[in-house]
Each structure stands twice: as C-alpha cells, then as structure tokens.
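According to this note's numbering, the stretch in the sequence shown is residues 14 to 403, in order.
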Amino acid sequence: MLRQVLVAGGIAIATALTGGEAAWAQDTVKIGLVQSMTGPLAAVGRQVVSAAKLYMQQHGDTVAGKKIQLILRDDTTVPDVAKRLAQELIVNEKVHILGVGITPVAMAIAPLATEAKIPEVVMVSGTSVVTERSPYIVRTSFTLGQQCAIMGDWAAKNGHKKVVIIQSDWAPGHEATATFTKAFTAGGGQILETLKVPLANPDFAPFLQRAKDLNPDTLFVFVPAGGQAGTFAKQFVERGLDKAGIKLIGPGDVTDDDDMPTMSDAMLGVVTAGFYSASHNSPKNKEYVAAFKKAYGFRPNFISLGGYDGMHLIYEALKKTGGNTNGDALLAAMKGMKWESPRGPIQIDPETRDIIQNIYIRRVERVDGELYNQEFATFEAVKDPGKIKN
Ligand code: PHB
14 MLRQVLVAGG IAIATALTGG EAAWAQDTVK IGLVQSMTGP LAAVGRQVVS AAKLYMQQHG
74 DTVAGKKIQL ILRDDTTVPD VAKRLAQELI VNEKVHILGV GITPVAMAIA PLATEAKIPE
134 VVMVSGTSVV TERSPYIVRT SFTLGQQCAI MGDWAAKNGH KKVVIIQSDW APGHEATATF
194 TKAFTAGGGQ ILETLKVPLA NPDFAPFLQR AKDLNPDTLF VFVPAGGQAG TFAKQFVERG
254 LDKAGIKLIG PGDVTDDDDM PTMSDAMLGV VTAGFYSASH NSPKNKEYVA AFKKAYGFRP
314 NFISLGGYDG MHLIYEALKK TGGNTNGDAL LAAMKGMKWE SPRGPIQIDP ETRDIIQNIY
374 IRRVERVDGE LYNQEFATFE AVKDPGKIKN
C-alpha cells in the first residue's frame with residue numbers, strides 16, 4: 014500500500030515536472046553557442062562570447078514576451094567536438110538557434126542546422142563558402158575577401174610593388190591570399206612568394222627570414238585573432254624587417270585590437286583594411302568600447318562584433334516574428350535586416366545571407382598613449398567578393 018502510494022506519488026511528481034518544463038520551454042528561446050573557449054583560438058571565443066553576453070546585459074533577457082537562455086559549449090577549437098556538442102544541443106536541449114564560431118566549426122555544424130531547420134548564426138568565420146553550406150546560415154562576422162580585395166587594390170594604387178605574402182595555413186588564410194593576389198596583380202603589383210605558416214603555435218622567425226631575403230618592399234600578412242598578431246609583431250621587429258624598411262600591410266587581423274596594447278612603436282604606420290577598429294569614431298562605438306572595457310577590463314576587437322551583432326540579429330528577428338521560433342520564420346526575418354553596429358552601418362544580404370559592411374583603410378597611430386587603427390578612408394557597403402558573379 015505504502016509502496017503503491019509512493020509510486021503513484023512519484024508518477025504525479027514526474028508528470029508535473031514534465032508539464033512544467035514544457036510550459037517553461039515554450040516561453041523560453043534557447044540559443045546554443047558553440048565557440049572555441051580553449052585551444053589555440055581561445056582568445057577568439059573569449060571575445061565573441063563576452064560581446065554576446067554584454068548585449069544581453071544591455072538589452073535584457075526577455076524579447077517578444079519570451080525569456081532568452083544562452084547555453085554555452087566549448088568546442089575546444091576541434092570541429093568534431095563542435096559537431097557532437099551541436100547535436101546534443103539540438104536533440105537534448107532543443108535549442109531554437111545556434112551561434113557558432115570559427116570556419117571549421119561552422120562548416121561541421123552546417124548539415125545539422127539544415128536537418129533541424131534552425132538558424133545557424135555564424136559569429137566568427139571569415140571564409141566565403143561557409144554561408145553556402147546551409148540555407149539556415151546567416152553571417153554577422155566578416156569575410157577575408159571583403160577586406161583583402163580592397164587591400165590589394167589600395168596597395169597597388171599607393172606605391173607598393175613587390176610583395177611577399179605570409180599567411181596562416183588554413184581556409185581563411187588561403188582566401189586572404191587569393192583575394193589580395195587577384196586585386197594586387199590586376200593593379201600591376203607583383204607577388205614574389207607566398208609563405209604558409211602552420212595554424213597552431215606558429216614560429217614566424219624562419220618565414221620572416223625568408224621574406225627578408227626576397228627583398229620585397231612590402232609584406233602582406235594574415236594571421237588569425239587569438240594572440241598571433243602580438244607574436245608576429247614581436248618577431249617582425251626581432252628579425253629586423255622594420256629596420257630593413259619593409260612595409261607591413263594586411264586585413265585587420267594583423268593589427269588585432271586585442272594585441273595592440275602589447276605592440277611596440279615599430280607598428281606605427283602599418284596600414285590595414287578592416288571592418289572594425291576600437292577607435293571607430295561614432296557615439297555607438299564609444300558607448301560599446303566603454304561598456305565592454307568596464308565589464309571585462311580589455312578592449313573589444315573585430316571578433317567581438319560578430320557576437321554582439323549576432324545577438325542583435327536574433328533579438329530583432331524574434332521581435333519581427335512576435336516570438337515565433339520557427340526556423341524558416343526567423344530566417345525570413347533575418348534576411349535583409351539593416352542596423353547600425355558599433356563598426357558602422359551593416360546589413361544581411363537577403364540573397365546570400367552574408368554580411369554587407371563598410372571596409373575602412375586604417376593606419377596604426379598612438380592615441381592617448383595607446384596604439385590604435387585610425388581609419389582614414391571608407392569603402393561603403395562592401396559585399397563578399399566570393400558571392401559576386403562576374
Ligand atoms: C575564421 O574562423 O574564419 C577566422 C578566425 C579568426 C580570424 C579570421 C578568420 O582572425
């Protein structure tokens with residue numbers, strides 16, 4: 014008798030809990046973030062997640078009457094781990110939206126987003142083809158092509174003639190090299206050699222020595238965020254390339270705001286084409302940088318914007334759907350969305366689901382005692398060149 018009551022009671026409790034959970038789940042929008050919090054690109058995860066959390070602190074955790082729940086998973090910078098984590102988030106946690114990071118991770122998760130029919134907001138990857146891997150992908154980060162094609166054209170028009178390329182040897186690096194080379198050679202420039210450096214724990218010294226021996230006027234460099242720009246800058250000086258008068262150019266990654274405070278004056282004058290500088294002169298950015306520094310004690314870099322704007326995209330899409338979490342409804346709401354980001358005006362291309370944004374030419378200068386990328390020319394509403402049919 015007692016046993017029967019206990020069992021009956023147990024069932025009653027279990028039913029009540031399931032019912033309660035179901036009601037709660039309907040009122041909650043679950044966002045699964047799969048980001049690289051440890052491993053060689055841990056500093057990338059730190060920036061993007063810090064910014065996503067800051068957005069929620071600033072805008073509250075209720076949108077269109079629904080509670081927003083962020084569930085963070087560390088992919089350890091390994092795509093297979095990312096895939097397993099995303100699968101668990103979809104099947105067990107029943108997330109409505111995924112927010113993902115670096116290129117190999119975004120690629121690994123793409124088929125899962127397609128199958129589950131849920132948006133995959135790409136907050137870090139800069140490789141063109143990623144958005145084509147699933148109709149449920151929307152990108153809030155950037156592409157290397159957006160920046161490097163403009164850098165190549167600018168370099169050819171501004172006296173750079175003989176270039177050696179040093180690139181990190183993985184997809185975004187290959188894209189940086191290809192898009193820069195195409196634009197630079199079309200403008201009459203010459204590439205002397207392209208040197209490929211391993212992604213993990215790179216030692217740039219032998220590559221810098223080889224580059225110096227080739228006697229170029231300019232070095233074009235792509236290294237990913239996550240501390241590599243700081244290491245590169247140090248070895249550039251140690252190998253005497255600054256003293257040899259070799260100019261340094263690249264996409265914004267090589268003068269990463271995360272690493273700028275540790276760089277020496279040897280970096281003064283370095284010109285890059287980038288979509289975000291912590292010194293971007295707008296009220297929106299001043300507010301963003303101040304809030305970010307206050308919350309975390311370090312500068313936001315270009316990686317952070319993908320997380321901040323990714324959350325904005327999700328919040329605004331939910332407002333448009335009136336809290337409907339259906340994947341197709343959210344995708345329709347996201348396509349064509351425009352807003353002012355701390356980086357400047359941005360929009361989601363309704364055709365390609367890729368980001369359209371300004372690219373700025375910047376020069377490293379000392380401002381109030383610290384090094385910053387000071388913007389001096391703007392190319393407006395730049396699309397990923399990989400999507401432009403010609
Ligand atoms: C990428 O995952 O494509 C990526 C990551 C960090 C960068 C650039 C590209 O700095």
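Positions of the beta carbon are idealized from the N, C-alpha and C atoms, including for glycine.
Computed from a predicted model, the values in this text were never measured in an experiment.
May I ask you to verify whether the stretch 357-376 touches the stretch 388-395, counting CB pairs closer than 8 Å and requiring at least 3?
yes
Quick one: what does DSSP say residue 116 is sitting in, helix, strand or coil?
Taking the first residue of the sequence shown as 1, we reach residue 116 at position 103. Correct three-state label for residue 116: helix.
Could you give the uninterrupted runs of the beta strand (DSSP E) lying entirely in the stretch 192-261, keeping only those of 3 residues or more?
203-210, 231-235
Please give me, in chain order, every unbroken run of the alpha helix (DSSP H) with length at least 4 that falls completely inside the stretch 63-137.
92-104, 116-129
Secondary structure, beta strand (DSSP E): runs of 3+ residues fully inside the stretch 260-308:
260-264, 284-287
When you compare only the Cα positions, how much space is there between residue 194 and residue 387?
Here residue 194 refers to the residue found at position 181 when the sequence shown is read from its first residue. Here residue 387 refers to the residue found at position 374 when the sequence shown is read from its first residue. The straight-line gap from Cα to Cα measures roughly 25 Å.
From the DSSP output, in three-state form, read off residue 364 for me.
Within the sequence shown, numbered from 1, the residue matching residue 364 stands at position 351. It is coil, neither helix nor strand.
I need the boundaries of the beta strand (DSSP E) containing residue 412, first residue and last residue.
A query on residue 412 cannot be resolved here, the shown segment of the chain reaching from 14 to 403 and no further.
Any heavy atom of ligand 1 closer than 7 Å to the Cβ of residue 192?
The residue given as residue 192 occupies position 179 in the sequence shown. No, the Cβ of residue 192 stays beyond 7 Å of every heavy atom of ligand 1.
Neighbour-count burial assignment, residue 363, 16 or more Cβ in a 10 Å radius
Taking the sequence shown and counting its residues from 1, the one referred to as residue 363 is at position 350. Exposed, since its Cβ has fewer than 16 Cβ neighbours within 10 Å.
Pocket of ligand 1 (residues with CB nearer than 6 Å to any heavy atom), chain order:
57, 115, 116, 137, 138, 139, 140, 185, 237, 238, 266
Below 8 Å CB to CB, which residues in the same chain sit around residue 47 once its five sequence neighbours on both sides are set aside?
Numbered from 1 along the sequence shown, position 34 holds the residue referred to as residue 47. Contacts found: 86, 88, 95, 98, 99, 102, 111, 112, 113, 114, 118, 122.
For the alpha helix (DSSP H) that contains residue 334, what are its first and last residues?
Here residue 334 corresponds to residue number 321 of the sequence shown, with the count starting at 1. 315-334 is the extent of the alpha helix (DSSP H) around residue 334.
Got a sec, what are the start and stop residues for the alpha helix (DSSP H) residue 340 sits in?
Within the sequence shown, residue 340 is the residue found at index 327, counting from 1. Unbroken alpha helix (DSSP H) run through residue 340: 340-347.
Can you list, in chain order, the residues of its chain whose CB lies under 8 Å from that of residue 80, leaving out five sequence neighbours each side?
Within the sequence shown, numbered from 1, the residue matching residue 80 stands at position 67. Correct list, in chain order: 40, 41, 42, 74.
Inter-residue Cα distance where the pair is residue 178 and residue 215
By one-based count along the sequence shown, residue 178 stands at place 165. By one-based count along the sequence shown, residue 215 stands at place 202. In a straight line, the C-alpha of residue 178 is about 15 Å away from that of residue 215.
Can you list, in chain order, the residues of its chain whose CB lies under 7 Å from that of residue 27, leaving out five sequence neighbours each side?
On the sequence shown, residue 27 is found 14 positions in, with the first residue counted as 1. Because residue 27 carries a pLDDT of 43, less than 50, the predicted location of this residue cannot be relied on, and no value is offered for it.
Looking only at its chain, what residues have a beta carbon closer than 7 Å to the beta carbon of residue 236, apart from the 5 residues adjacent to it on each side?
One-based indexing of the sequence shown puts residue 236 at position 223. Closer than 7 Å at the Cβ level, and outside the excluded window around residue 236, lie 181, 242, 245, 266, 267.
Nearest to residue 314 by alpha carbon, out of 133, 130, 137?
Translated into positions along the sequence shown, residue 314 becomes position 301. Nearest option by C-alpha distance: 137.
Going by DSSP, what residues sit across from residue 390 in a beta bridge?
Translated into positions along the sequence shown, residue 390 becomes position 377. Beta-bridge pairing links residue 390 to 374.
Going by DSSP, what residues sit across from residue 41 in a beta bridge?
Working through the sequence shown from its first residue, we reach residue 41 at position 28. According to DSSP, residue 41 bridges with 80.
Separation of residue 346 from residue 397, as counted between CA atoms:
Position 384 of the sequence shown holds residue 397. Position 333 of the sequence shown holds residue 346. Answer to the nearest angstrom: the Cα atoms are 21 Å apart.
Assuming residue 133 and residue 150 are in contact, meaning their beta carbons sit under 8 Å apart, how far apart are those beta carbons, in whole angstroms?
Locating residue 133 in the sequence shown gives position 120, where the first residue counts as 1. Locating residue 150 in the sequence shown gives position 137, where the first residue counts as 1. Rounded, the Cβ-Cβ distance is 5 Å, consistent with contact.
Name, in chain order, the residues that DSSP records as bridge partners for residue 405.
Any property of residue 405 remains undetermined from this structure, which presents the chain solely from 14 to 403.
Is the stretch 207-224 touching the stretch 288-308 in the sense that three or more CB pairs, one from each, lie closer than 8 Å?
no
By Cβ distance, which residues of its chain are closer than 6 Å to residue 381, with the 5 residues on each side in sequence left out?
The residue labelled residue 381 in the question sits at position 368 within the sequence shown. Around residue 381: no qualifying Cβ.
State the DSSP-derived secondary structure class of residue 399, mapped to helix, strand or coil.
For the purposes of this step, residue 399 is identified with residue 386 of the sequence shown, where counting begins at 1. The answer is helix: DSSP assigns residue 399 an H, G or I state.
Can you name, in chain order, every residue of its own chain whose Cβ lies under 7 Å from the Cβ of residue 207, other than the five neighbours on each side?
To locate residue 207, count along the sequence shown from 1; it is residue 194. Cβ within range, chain order: 178, 180, 190.
Check the DSSP bridge columns for residue 163 and list the partner residues they point to.
Working through the sequence shown from its first residue, we reach residue 163 at position 150. Bridge partners of residue 163: none, in fact.
Pick from 84, 62, 50: whose alpha carbon is nearest that of residue 92?
If you number the sequence shown from 1, residue 92 lands on position 79. Considering only alpha carbons, the answer is 50.
Relative to the C-alpha of residue 183, which candidate in 176, 164, 211 has its C-alpha closest?
Numbered from 1 along the sequence shown, position 170 holds the residue referred to as residue 183. That would be 211, whose Cα lies nearest to the Cα of residue 183.
Sort out for me which residues DSSP pairs residue 47 with in a bridge.
The residue given as residue 47 occupies position 34 in the sequence shown. In the DSSP output, where bridge partners are listed per residue, residue 47 has 86, 113.
Nearest-angstrom Cα separation, counted from residue 217 out to residue 144
Taking the sequence shown and counting its residues from 1, the one referred to as residue 144 is at position 131. Taking the sequence shown and counting its residues from 1, the one referred to as residue 217 is at position 204. Cα to Cα, residue 144 sits roughly 31 Å from residue 217.
Taking the continuous beta strand (DSSP E) assigned at residue 175, which residues delimit it?
Working through the sequence shown from its first residue, we reach residue 175 at position 162. Residue 175 -> beta strand (DSSP E) spans 175-181.
What is the residue span of the beta strand (DSSP E) that residue 152 lies within?
If you number the sequence shown from 1, residue 152 lands on position 139. That run of the beta strand (DSSP E) goes 150-152.
For chain B, check one thing: does any of its Cβ atoms lie closer than 8 Å to the Cβ of residue 323?
Absence of chain B from the displayed structure is noted, only one protein chain being present.
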